[in-house]
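> Take the sequence shown: its position 34, counted from the start at 1, is 34 in full-length UniProt numbering, and no numbers get skipped.
Please see the structure below; I have some questions.
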Amino acid sequence: MNAIITVVGTDHVGIIAKVSAFLAERNINIEEINQTILSGNFVMLMMVDLAQCSKPLEAVKDELPKLGEALKVSISIMHEGVFSAMHRI
């Protein structure tokens with residue numbers, strides 16, 4: 001099962017490293033990553049594979065916002081199908 005993780009906030013050192021470490025600790029594989037800085041704002045989208053995840057998706061959904069608070073960014077995750085349906089024209 002794939003999911004999309006979004007990370008948005010003021011740019012600072014360590015965001016990618018800490019989000020990547022969080023995912024690795026839960027055996028979540030990053031399949032694609034796109035990151036940019038827009039007027040000092042950090043914006044990242046990640047496609048991740050949850051097939052081998054060591055925790056249920058609901059637990060990861062609960063933990064990611066807490067990581068975001070610690071990093072002073074907004075982090076969310078949603079199933080790839082939901083993300084695709086939301087962004088159809």
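For glycine and all other residues, C-beta sits at the position ideal for the given N, C-alpha and C.
Under a three-way DSSP split, which group does residue 155 fall into?
Since the first residue shown for the chain is 1 and the last is 89, residue 155 is missing from the structure and cannot be characterised.
> So, is L38 buried or exposed, given that buried needs 16 or more other C-beta atoms within 10 angstroms?
exposed
> DSSP three-state label for G9, please.
Looking at G9 - three-state DSSP - the assignment turns out to be strand.
> Out of H79, D11, D62, state which residue places its alpha-carbon closest to the alpha-carbon of V35.
It should be pointed out that residue 35 corresponds to Gln in this sequence rather than to Val. Closest by alpha carbon: D11.
> Pull up the DSSP beta-bridge partners for L42, would you.
Per the sequence shown, residue 42 should be read as Phe rather than Leu. According to DSSP, which records beta bridges pairwise, F42 is partnered with G9, I37.
> Could you tell me whether the Cβ atoms of E31 and M47 are closer together than 9 Å?
yes
> Roughly how many whole angstroms lie between the Cα atoms of K72 and G14?
11 Å
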